[in-house]
Every structure is written in C-alpha cells, then in structure tokens.
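Visitor: Whatever position you read off the sequence shown (first residue = 1), add 1 for our numbering.
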Amino acid sequence: MSADDTFPERKIEFLVAFSPGGAVDTAARLVAPVLERELGVPVEVNNVTGAGGQVGYTQLAKAAPDGYTIGTTGSPSVVVSPLDPSRGATYTMESFQPLAMQVVDPAAIAVPVDSPHQTLEELFTAVRSAPGTVNATTTGLQTGEHFVIAELADEFGVEFNPVHFAEGATAATTAFLGGHVETLVANVSDVKELEDQGKARVLGIMADERHTSLPEAPTFEEQGYEISTGTVRGFSAPAGLPDTVLDRLNAAFQAAINDPDVVEKMANLGLTTDYRDAAGYAEVWAEQDTMYRSVLDLVLEAK
C-alpha cells in the first residue's frame with residue numbers, strides 16, 4: 002500500500018493568503034474543523050499575507066503536491082497576478098489543483114453614515130466633479146476592488162483614486178472606519194456587519210438582484226448602472242496531486258462546505274454558499290481567466 006492510499010497520516014497546513022478577520026480567513030476557519038472531522042487529522046490554518054494574496058499563493062504553489070498543504074484561492078487576485086509581468090509572479094493557473102468552490106461574493110460600495118451622499122448618483126456626481134481625488138479602498142493591486150474601480154472609470158466616467166491595502170479587507174475596513182478613505186469598495190460580506198452596526202451606508206451592490214443579507218441595499222442596475230461582478234472564493238492545492246489524494250480532499254471539502262452549520266454561519270456573514278467540486282471550480286477559474294485577460298489593460302492603466 003502506497004502513502005497515497007493511506008492519506009492523510011499527519012497534520013495538514015491550510016494557507017490563507019489574506020489577513021485574519023476578513024471573509025477569506027473566516028470562511029477557512031469555518032470549514033477547517035469539519036475537514037479535521039472528515040480527514041481524521043489536525044488542519045492548521047496559517048495566514049501568509051502580502052501583495053494582494055500573491056505571497057500566500059506563491060507559497061501554496063511551491064508546496065509539495067502531496068495533500069499536506071492546501072489553501073484559499075480567490076479571483077480575480079489569483080487569476081490576474083500572473084498575467085501582469087511586472088508582478089513577477091512565479092505561478093500560473095496551471096500551478097494549482099482546484100479542490101472546491103465555496104462562494105461568489107458580490108462587490109458593493111459603501112460610504113460613512115455621516116456622508117452627504119445618500120445614493121450612488123450623488124456619490125458619482127461628486128467623483129465626476131473632481132476626478133481622481135476621491136479615495137476608494139482596494140485589497141491590493143489587480144484585486145476585485147481594483148477591477149471595479151477601473152470599470153467604473155471606463156464605463157461610467159467615475160474616476161476614484163484607488164488606495165491599495167495588500168493585507169486584505171480588514172486593513173481596508175480599518176482605514177475606512179478611521180476616516181482615512183472616503184469610500185469603501187468591498188464585498189457584501191465585508192460591508193454587511195458595518196451596515197448592521199450603523200457604521201456604513203451601502204449605496205449599491207453589483208449583483209443581478211438584491212442580496213438576501215442586505216435587502217434594503219439597491220443593486221447598481223436599479224440605479225441605472227449595468228455592472229455585475231464579485232469575488233469567487235474556493236480552495237486549492239499545488240498541481241500534481243495523486244488521484245487518491247485529490248479524491249479524498251474533494252470528498253472532505255464537499256462535506257465541509259455543505260455542512261449545515263457552516264452554511265448557516267456563512268449566511269450570517271452575508272455569504273451564500275455555491276458549492277462546486279474540483280471540476281466545476283476549474284471551469285469557473287478558466288472562465289474568469291478569459292474574462293480578466295480581456296479587461297486587464299483597464300486595471301493596469303488605473304494604477
């Protein structure tokens with residue numbers, strides 16, 4: 002019997018490419034205990050942050066393809082960073098073995114509760130009157146928020162000044178709450194708690210319909226702006242996993258992501274579970290690779 006057939010026999014390292022406290026980290030820590038139950042070994046979550054996820058993705062891609070190192074992967078960050086030569090990424094899409102997709106988290110825009118802007122139109126009018134001077138957060142170069150800012154400028158003439166927080170959503174939110182950045186460009190999961198606590202006003206969500214966790218927040222389309230985008234989040238391993246190991250991890254992630262308690266806790270965070278297996282996640286990843294290649298120039302111009 003080979004070692005692959007007896008996998009796993011020791012602790013598994015679970016890399017999170019963003020800082021503690023954000024949606025990526027929280028989701029990983031929700032599924033980790035179920036993975037431990039399913040696999041019968043400890044699953045240790047470690048945050049490896051920097052460069053908008055690139056540091057963590059690099060470590061994941063370089064790990065041995067034996068199943069003992071797995072990690073979070075989210076697009077556009079993991080898709081786009083290898084497409085820009087200036088980033089110096091040493092990995093490509095082919096460096097990873099997708100394991101499972103967990104969620105699609107729509108993008109949103111929020112302002113402080115004391116902001117004079119009550120609607121997207123009021124905010125956008127102010128931005129158009131002083132292009133490039135109104136700050137807006139991102140979680141790093143070429144991340145989802147950066148693409149949103151670039152697309153708003155290209156499609157609607159709304160030119161924010163992007164302020165990049167490569168450590169992740171927690172750092173961006175802290176700066177927003179501290180009054181250092183006027184506009185929070187984030188995902189629904191990042192703004193739900195702020196809205197619930199009366200710390201932010203969500204002006205619009207970039208989804209096809211209103212989100213169940215923020216039913217009062219209108220979509221962009223309702224306000225005359227046809228744009229729908231969000232962050233796809235899942236889990237991956239280094240490419241080259243033996244089939245028996247891949248099958249074992251696939252089954253464990255399916256159980257963990259669809260665990261009723263995990264699904265409920267994700268919903269409480271504003272995240273609707275949308276499980277896809279390894280093959281399904283690979284298809285979504287490939288589609289996003291094609292899409293982001295087509296709009297990458299917009300982001301490169303928006304640095």
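Glycine included, each C-beta is placed from N, C-alpha and C at the ideal position.
If you count every other CB in all the chains shown that lies within 10 Å of the CB of N48, and 16 or more means buried, which is it?
Guide: For the purposes of this step, residue 48 is taken as residue 47 along the sequence shown, with counting starting at 1. Around the beta-carbon of N48, 16 or more other beta-carbon atoms lie within 10 Å, marking it buried.
Visitor: Pick helix, strand or coil for R211, following the three-state DSSP scheme.
Guide: As a working mapping, residue 211 is identified with position 210 in the sequence shown. R211 falls in the coil class under three-state DSSP.
Visitor: Under 7 Å Cβ to Cβ from A256, same chain only, skipping five residues before and after it: list those, please.
Guide: In the sequence shown, the residue the question calls residue 256 occupies position 255. Around A256: V35 and E39.
Visitor: Roughly how many whole angstroms lie between the Cα atoms of D155 and V135?
Guide: Within the sequence shown, the letter at position 154 stands for residue 155. Within the sequence shown, the letter at position 134 stands for residue 135. Roughly 16 Å between the two C-alpha positions.
Visitor: Could you give the uninterrupted runs of the beta strand (DSSP E) lying entirely in the segment 204 to 275, keeping only those of 3 residues or more?
Guide: Under the rule that a run must span 3 or more residues, the beta strand (DSSP E) segments found entirely inside the segment 204 to 275 read 231 to 239.
Visitor: Determine the extent of the beta strand (DSSP E) in which H165 is found, giving its start and end residues.
Guide: For this step, residue 165 is matched to residue 164 along the sequence shown. That run of the beta strand (DSSP E) goes N162 to H165.
Visitor: Name, in chain order, the residues that DSSP records as bridge partners for A111.
Guide: Looking up residue 111 in the sequence shown gives position 110. Beta-bridge pairing links A111 to L185 and V203.
Visitor: Using 10 angstroms around the beta-carbon of Q143, count the other beta-carbons present and answer buried if the total reaches 16, otherwise exposed.
Guide: Here residue 143 refers to the residue found at position 142 of the sequence shown. With 16 or more Cβ atoms within 10 Å of its Cβ, Q143 is classed as buried.
Visitor: Which same chain residues end up closer than 8 Å to N251 when comparing Cβ atoms and leaving out the 5 residues on each side of it in sequence?
Guide: If you number the sequence shown from 1, residue 251 lands on position 250. These residues qualify, in order along the chain: L100, A101, D278 and A279.
Visitor: May I ask whether a heavy atom of the ligand FAD can be found less than 8 Å away from the beta carbon of A173?
Guide: No copy of the ligand FAD appears in this structure; indeed no ligand is present at all.
Visitor: Which value, in whole angstroms, describes the spacing of the CA atoms of T140 and V81?
Guide: Counting from one through the sequence shown, the residue named residue 140 turns up at place 139. Counting from one through the sequence shown, the residue named residue 81 turns up at place 80. Cα-Cα distance, rounded: 14 Å.
Visitor: From V189 to F97, what does the alpha carbon distance come to, in whole angstroms?
Guide: For the purposes of this step, residue 189 is identified with residue 188 of the sequence shown, where counting begins at 1. For the purposes of this step, residue 97 is identified with residue 96 of the sequence shown, where counting begins at 1. When rounded, the distance between both Cα atoms is 27 Å.
Visitor: Taking the Cβ atom as the reference point for each residue, do E223 and G271 lie within a distance shorter than 9 Å?
Guide: In the sequence shown, the residue the question calls residue 223 occupies position 222. In the sequence shown, the residue the question calls residue 271 occupies position 270. Their beta carbons are not under 9 Å apart, which means E223 does not touch G271 by this criterion.
Visitor: Can you tell me whether DSSP reads E288 as helix, strand or coil?
Guide: Here residue 288 refers to the residue found at position 287 when the sequence shown is read from its first residue. Residue state, collapsed to three classes: helix.
Visitor: Per the DSSP calculation, S76 is bridged to which residue(s)?
Guide: Numbered from 1 along the sequence shown, position 75 holds the residue referred to as residue 76. In the DSSP output, where bridge partners are listed per residue, S76 has V233.
Visitor: By Cβ distance, which residues of its chain are closer than 6 Å to A253, with the 5 residues on each side in sequence left out?
Guide: Start at 1 with the first residue of the sequence shown, and residue 253 comes out as number 252. If we look at A253 and ignore the five residues flanking it on each side, its Cβ neighbours are L36, E39 and L40.
Visitor: What residue range does the alpha helix (DSSP H) around F177 cover?
Guide: As a working note, residue 177 is residue 176 in the sequence shown. Note, F177: alpha helix (DSSP H), A170 to L178.
Visitor: Measure how close the beta-carbons of P239 and A65 come, nearest whole angstrom, since I'm counting them as under 8 Å.
Guide: For this step, residue 239 is matched to residue 238 along the sequence shown. For this step, residue 65 is matched to residue 64 along the sequence shown. So it is a contact: roughly 7 Å between Cβ atoms.
Visitor: My output table needs one value for D85: the three-state DSSP class, helix, strand or coil.
Guide: For this step, residue 85 is matched to residue 84 along the sequence shown. Correct three-state label for D85: coil.
Visitor: What's the call for A287, buried or exposed, on a 16-neighbour Cβ count within 10 Å?
Guide: Stepping through the sequence shown from its first residue, residue 287 is reached at position 286. Looking at its Cβ environment, which holds fewer than 16 other Cβ atoms inside 10 Å, A287 is exposed.
Visitor: So, at 8 Å on beta carbons, what are the nonlocal neighbours of A176 in its own chain, with the 5 sequence-adjacent residues on each side left out?
Guide: Translated into positions along the sequence shown, residue 176 becomes position 175. For A176, where only same-chain residues beyond five positions count, the Cβ hits under 8 Å are T138, V164, F166 and V182.
Visitor: Can you say whether G133 is buried or exposed, counting buried as having 16 or more other CB atoms within 10 angstroms of its CB?
Guide: Counting from 1 along the sequence shown, the entry for residue 133 is found at position 132. Looking at its Cβ environment, which holds fewer than 16 other Cβ atoms inside 10 Å, G133 is exposed.
Visitor: Hey, how far is the Cα of P117 from the Cα of V128?
Guide: Here the question's residue 117 lines up with position 116 in the sequence shown. Here the question's residue 128 lines up with position 127 in the sequence shown. Each residue's Cα considered, the two are about 13 Å apart.
Visitor: Measure the alpha-carbon distance for R249 versus M94 and round it to whole angstroms.
Guide: One-based indexing of the sequence shown puts residue 249 at position 248. One-based indexing of the sequence shown puts residue 94 at position 93. If I take the Cα positions, the gap works out to 22 Å.
Visitor: Can you tell which of G57, V46 and P107 has its C-alpha closest to the C-alpha of E210?
Guide: Indexing the sequence shown from 1 puts residue 210 at position 209. If we check each option's Cα against that of E210, P107 comes out closest.
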